[in-house]
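J.: This is the structure I have questions about; it appears just below.
Residue numbers (our numbering), protein chains in the order written: chain A, 414 to 683; chain B, 2 to 285.
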């Protein structure tokens, strides 16, 4: 009897725990979502009243700056993902398969530069970009965003290639593959699941990135996160429009979470 | 072999190493955007940063408080959630998806919605709290409530990361020690403390290393939620440097602050790396 009661209690606590997870993790997002579909008059006191509207989204999508910012962020994230994976694949392979002082010093370099706080190099980066005349252009945003990823991604890529048994490549070499052929046909496909997961996370993190966007982008190439931040600080009273923008900016994250969660989880574990 | 790392090394050199050197150069000068004369002033800027009471009494304690509180509490919550989810139940896939949300949403958006929910007049959570009788907490207007909000937001964002990684680690543990302990009638707490924790230790240490380094550079949450206010009382290192360089337009002083942060982090990173190597070796 007591055991039964204890078991019931345990189940109840477990159920409460699961409900608490729902409330804590979905609650804030719901508040934002509800605000985004309320008319301007109903945006305050969102738990009262029942009038809902999609006008906020229409209005936000008519603002050229928001649309432009979303397009810029999209282009930037896509290019940054392709290029940073492209250049770190080789670096990770080298870290995993070769030895010697070059490999050791390269590994030390990426560890050291991973610890440097972003603000410490984005500040002079602003000076470099204005000097080179690429401030507030695609190029001036793209190259730093690739540089951000070099250290950590090289490290992760090393992990992916460490998980591939080198004897498969030796077998390919014996069968007449070149070193390059062995890399493309054996090592790369075997590391592909990890690289795909990393690609999704890289795309999302570039889309979500804020500090670089704030400092290195301006009027000509606005990005979605810096545009959002402007809304918060400048027109902080129009909460319904701001929430609609936030929901639009959140869409990729929601889609990835729902459809690509398998890859995200795999990527986070590594 | 060199051509494999050449592209990565070139990008790293041009857009990280060279800017850092330029920043170091700027930190020894009286360099502001409104004044084109960049006089060499030696260590004056560093002295100014180190004698700035805001930096010593607010920024540094805040940064390390945020670092320890965020990493410690999200580790604790992550561990609890991972243990909770480490058993089959109806709807587990849904819960696991929901847990991912905070990680994929931009910190800017997260902070915006937290700021809206804690708005002093119209915020849903403020109103709910005043309904519970907790009306006069100055969220976003007093120092400690604001800073608590920053820490809570950071925990909200990072708890899922710990959960996912620890859940994966838990599911990868061999079942035999747990069975043996159960046969010996060990209590669940005892099993957790004596078996689960020691086996998870290497994973936990690596997670804490990565998160501690990242927590030092927290910017988005603080900037959107409080902007360092009220009255600079919630500034952390990144916000302090940003304000110096881009609000006060004092590049030299900002670069000196940035340099101080980089040096602190190199030191902390080095110590943590040593600790990790040692403790992972020991637990093996």
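Virtual Cβ for every residue (Gly too), placed ideally from N, Cα, C.
Rounded to a whole number of angstroms, what is the C-alpha to C-alpha distance between residue 182 (chain B) and residue 81 (chain B)?
T.: Looking up residue 182 (chain B) in the second chain gives position 181. Looking up residue 81 (chain B) in the second chain gives position 80. Rounded to whole angstroms, residue 182 (chain B) to residue 81 (chain B) spans 20 Å at the Cα level.
J.: Helix, strand or coil: how does DSSP classify residue 618 (chain A) here?
T.: Reading the first chain from its first residue, position 205 is the one you call residue 618 (chain A). DSSP places residue 618 (chain A) in helix when its eight states are reduced to three.
J.: Can you check which of these residues, B:33, B:96, B:241, B:169, is closest to residue 51 (chain B) by C-alpha distance?
T.: In the second chain, residue 51 (chain B) corresponds to position 50, counting from 1. For residue 51 (chain B), the nearest C-alpha among the options comes from B:241.
J.: Quick one: Cα of residue 120 (chain B) to Cα of residue 611 (chain A), how far?
T.: Residue 120 (chain B) sits at position 119 when you count from the first residue of the second chain. Residue 611 (chain A) sits at position 198 when you count from the first residue of the first chain. For residue 120 (chain B) and residue 611 (chain A), the distance between alpha carbons rounds to 37 Å.
J.: Exposed or buried, residue 93 (chain B), counting other C-beta atoms within 10 Å across all chains shown (16 or more means buried)?
T.: Along the second chain, read from residue 1 onward, the residue named residue 93 (chain B) stands at position 92. Exposed: under 16 other Cβ atoms inside 10 Å.
J.: Counting Cβ pairs, one atom from each stretch, are 3 or more of them under 8 Å apart for the region 474-484 of chain A and the region 658-678 of chain A?
T.: Judged by Cβ distances under 8 Å, the region 474-484 of chain A makes contact with the region 658-678 of chain A, as three or more pairs qualify.
J.: With a cut-off of 7 Å, does the C-beta of residue 621 (chain A) fall near any C-beta of chain B?
T.: Locating residue 621 (chain A) in the first chain gives position 208, counting from the first residue. Yes, residue 621 (chain A) counts as interfacial toward chain B.
J.: Within its chain, find whatever has a CB closer than 7 Å to the CB of residue 564 (chain A); leave out the 5 residues flanking it on each side and keep chain order.
T.: Within the first chain, the letter at position 151 stands for residue 564 (chain A). Correct list, in chain order: 523, 526, 527.
J.: Is any beta-carbon of chain A found at less than 7 Å from that of residue 105 (chain B)?
T.: As a working note, residue 105 (chain B) is residue 104 in the second chain. Chain A, which has a Cβ nearer than 7 Å to the Cβ of residue 105 (chain B), makes this yes.
J.: In terms of alpha-carbon separation, which member of A:559, A:628, A:581, A:583 lies closest to residue 15 (chain B)?
T.: On the second chain, position 14 is the one that residue 15 (chain B) refers to. Closest option to residue 15 (chain B), Cα to Cα, is A:559.
J.: Which class does residue 285 (chain B) belong to by DSSP, given the choice of helix, strand or coil?
T.: Counting from 1 along the second chain, the entry for residue 285 (chain B) is found at position 284. Any reading at residue 285 (chain B) must be qualified, since the residue scores a pLDDT of 44, below 50, and its modelled position is unreliable; the value itself is stated next. Coil, per DSSP.
J.: Using three-state DSSP, classify residue 3 (chain B) as helix, strand or coil.
T.: Residue 3 (chain B) sits at position 2 when you count from the first residue of the second chain. Looking at residue 3 (chain B) - three-state DSSP - the assignment turns out to be helix.
J.: Just the C-alpha distance for residue 494 (chain A) and residue 609 (chain A), rounded to the nearest angstrom, thanks.
T.: Residue 494 (chain A) sits at position 81 when you count from the first residue of the first chain. Residue 609 (chain A) sits at position 196 when you count from the first residue of the first chain. Between residue 494 (chain A) and residue 609 (chain A), the C-alpha separation is close to 11 Å.
J.: Spatial neighbours of residue 170 (chain B) within its chain, please: CB distance less than 6 Å, with the 5 preceding and 5 following residues excluded, ordered by chain position.
T.: In the second chain, the residue the question calls residue 170 (chain B) occupies position 169. Counting only Cβ-Cβ distances below 6 Å, and skipping sequence neighbours, we find 201, 204.
J.: DSSP beta-bridge partners for residue 41 (chain B)?
T.: The count along the second chain starts at 1 and reaches residue 41 (chain B) at position 40. BP columns for residue 41 (chain B) point to B:30.
J.: Rounded to whole angstroms, what is the Cα-Cα separation between residue 686 (chain A) and residue 6 (chain B)?
T.: Nothing can be reported for residue 686 (chain A), as the shown portion of chain A is limited to 414 through 683.
J.: Starting from residue 274 (chain B), find everything on chain A with Cβ-Cβ shorter than 8 Å and list it in chain order.
T.: If you number the second chain from 1, residue 274 (chain B) lands on position 273. Per Cβ cutoff of 8 Å: 524.
J.: For residue 642 (chain A), which of B:225, B:268, B:276 has the nearest alpha-carbon?
T.: By one-based count along the first chain, residue 642 (chain A) stands at place 229. The shortest C-alpha separation from residue 642 (chain A) is found at B:225.
J.: Checking 7 Å against the spacing of the C-beta atoms, do residue 627 (chain A) and residue 259 (chain B) come in under that value?
T.: Residue numbering aside, residue 627 (chain A) sits at position 214 when the first chain is read from its first letter. Residue numbering aside, residue 259 (chain B) sits at position 258 when the second chain is read from its first letter. Cβ distance not < 7 Å, so residue 627 (chain A) and residue 259 (chain B) don't count as in contact.
J.: Going along chain B in order, which residues have a C-beta closer than 7 Å to the C-beta of residue 728 (chain A)?
T.: Residue 728 (chain A) is absent from the structure shown; chain A starts at 414 and stops at 683.
J.: Could you spell out the range, first to last residue, of the alpha helix (DSSP H) harbouring residue 505 (chain A)?
T.: Here residue 505 (chain A) refers to the residue found at position 92 of the first chain. Run containing residue 505 (chain A): 477-510, per the alpha helix (DSSP H) assignment.
J.: So, residue 163 (chain B) versus residue 79 (chain B), is the Cβ gap smaller than 7 Å?
T.: In the second chain, residue 163 (chain B) corresponds to position 162, counting from 1. In the second chain, residue 79 (chain B) corresponds to position 78, counting from 1. Yes; because the gap between Cβ atoms is below 7 Å, this pair is in contact.
J.: Against chain A, does residue 221 (chain B) count as a neighbour if the rule is that its beta carbon must be under 7 Å from one of theirs?
T.: Taking the second chain and counting its residues from 1, one reaches residue 221 (chain B) at position 220. Answer yes: the Cβ-Cβ gap between residue 221 (chain B) and chain A drops below 7 Å somewhere.
J.: Give the residues of chain B in contact with residue 641 (chain A), contact being defined as C-beta atoms less than 9 Å apart.
T.: Working through the first chain from its first residue, we reach residue 641 (chain A) at position 228. Simply 107, 109, 110, 113, 225.
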